[in-house]
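Quick notes on the structure that follows.
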Amino acid sequence: MKSSPSARSWIAAGVRHELLTRALPALRHDMAAPVSVIRMALLMLKRQVAAATIDPAACEERVALIDNQVGELVEAIRSLRDWELATTDDGITRSALVAQCVMLMRSAFDLHGVSLDTDAALDPQEPQDEQHKEHKEREEQEEHRWPSAAALRYLFLGALGYLHDSAAEAGSIRIEADGANALRLQAVPREPGTTHAVLDAHRAPRALAIDAVAMQNLAEDLGYAVTLDGGSVRLVLATGN
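Heads up: the sequence shown begins at 1298 in our numbering, then just goes up one per residue.
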C-alpha cells in the first residue's frame, strides 16, 4: 500500500531525529567544554579569595574568564534553536554549511576509519594578514546565502549519513562544489589491504541506517532535490529544483 503524505512526513521526521541524535555528541561537547572551564576558574577564584593576601588583578582575571565562558555556554544553548525547521534564520553560505556539518561529524566518522575530505574551494581559510583578511571578508560578503539553514543542515547531514551507512568500504567522503547551486559528495573506496578499527560509537543499528528511501523522503519533505548515484550524492541548495 502506498504511504500517505502524512506517513511520509512522519518518516522524514524520524530521519531528522536520527540525524540530530548523531550530531548530539558534538553539540553536547560544545556545551560541556565551557562548564569545565568555569568549574576550574571558580576553584582557582575560591583559592585566591581564601588566601591571606587577595590579589585583585588575579581575581578580576578569573571573573573575566568565567564571564567569557558563560557567554560561550549561552551561545551553545541558543544554537539548539538552529535545528528547528520552524525558526526563521538568515540562511547560510555553501562553505559555512559544509564547515559546520563536517565539524559536527568528523570525529564520529574518524572512529569508523572514514575521513571527510573537503575541496579547498569550500574550506574556509584563516587570514594570514590584514590584507588577506579584508579580501576574505569581501569573498564572504559576495558568497550567496541560501535560505533555510536548518533544512540544508539536515539535508547535508543526511547525505553524509547515507554514504556512511551504505558505502561499507568507503575510506573517505569527498565533498565538492557542483556548479553554482549544488554540492556533490562522493564515497571513495578504502585502499586495498588497509586495516582499520571500526567502533560502534555513533553508528545507528541497521534498522535506523540512512538508506536511499530515507534520504529521498527527507529531501522531498524539506522541498529539495537530491540525486543518488551509487556512492555519490548531489544536493541542490535551492528548493524546487
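Cβ coordinates follow ideal geometry from the N, Cα and C atoms, glycine included.
Within 7 Å, strictly: CB atoms of residue i and residue j
{"i": "alanine 1484", "j": "leucine 1454", "result": "no"}
{"i": "valine 1533", "j": "alanine 1467", "result": "no"}
{"i": "glutamine 1345", "j": "alanine 1355", "result": "yes"}
{"i": "serine 1469", "j": "aspartate 1414", "result": "yes"}
{"i": "isoleucine 1389", "j": "alanine 1446", "result": "yes"}
{"i": "glutamate 1369", "j": "proline 1331", "result": "yes"}
{"i": "methionine 1400", "j": "leucine 1457", "result": "no"}
{"i": "alanine 1309", "j": "aspartate 1475", "result": "no"}
{"i": "leucine 1515", "j": "valine 1312", "result": "yes"}
{"i": "aspartate 1416", "j": "glutamate 1358", "result": "no"}
{"i": "tryptophan 1239", "j": "leucine 1317", "result": "With the chain covering 1298 to 1538 only, the question about residue 1239 has no answer from this structure."}
Per-residue DSSP class, three states only, for residue i
{"i": "serine 1469", "result": "strand"}
{"i": "threonine 1318", "result": "helix"}
{"i": "alanine 1323", "result": "helix"}
{"i": "leucine 1482", "result": "strand"}
{"i": "aspartate 1518", "result": "helix"}
{"i": "leucine 1534", "result": "coil"}
{"i": "aspartate 1508", "result": "coil"}
{"i": "leucine 1339", "result": "helix"}
{"i": "aspartate 1526", "result": "strand"}
{"i": "histidine 1409", "result": "coil"}
{"i": "histidine 1499", "result": "Its pLDDT being 47, under 50, histidine 1499 is placed unreliably by the model, and nothing is read from it."}
{"i": "isoleucine 1374", "result": "helix"}
{"i": "alanine 1464", "result": "coil"}
{"i": "proline 1331", "result": "helix"}
{"i": "alanine 1310", "result": "helix"}
{"i": "alanine 1383", "result": "coil"}
Strand pairing of residue i, partner residues [DSSP]
{"i": "tryptophan 1443", "result": "Ile1389"}
{"i": "arginine 1344", "result": "For arginine 1344, which the question treats as bridged, DSSP gives no partner whatsoever."}
{"i": "threonine 1415", "result": "Ile1472"}
Cα-Cα separation between residue i and residue j, rounded to whole angstroms
{"i": "histidine 1314", "j": "tyrosine 1451", "result": "10 Å"}
{"i": "aspartate 1508", "j": "serine 1463", "result": "7 Å"}
{"i": "alanine 1393", "j": "valine 1510", "result": "27 Å"}
{"i": "threonine 1385", "j": "threonine 1536", "result": "16 Å"}
{"i": "aspartate 1420", "j": "valine 1395", "result": "8 Å"}
{"i": "glycine 1527", "j": "histidine 1409", "result": "20 Å"}
{"i": "arginine 1487", "j": "tryptophan 1307", "result": "35 Å"}
{"i": "methionine 1341", "j": "methionine 1328", "result": "21 Å"}
{"i": "glutamate 1440", "j": "alanine 1348", "result": "54 Å"}
{"i": "glycine 1391", "j": "leucine 1382", "result": "The sequence given here places arginine at residue 1391; glycine does not occur at that position. Whole-angstrom Cα-Cα distance: 18 Å."}
{"i": "isoleucine 1351", "j": "alanine 1418", "result": "53 Å"}
{"i": "lysine 1343", "j": "valine 1360", "result": "11 Å"}
{"i": "tyrosine 1283", "j": "glutamine 1513", "result": "Since the first residue shown for the chain is 1298 and the last is 1538, residue 1283 is missing from the structure and cannot be characterised."}
{"i": "arginine 1442", "j": "aspartate 1387", "result": "8 Å"}
{"i": "alanine 1405", "j": "arginine 1325", "result": "13 Å"}
{"i": "arginine 1378", "j": "arginine 1319", "result": "17 Å"}
{"i": "serine 1376", "j": "proline 1444", "result": "17 Å"}
{"i": "valine 1530", "j": "alanine 1465", "result": "15 Å"}
Is the stretch 1467-1482 close to the stretch 1325-1337, with three or more CB pairs under 8 Å?
-> no
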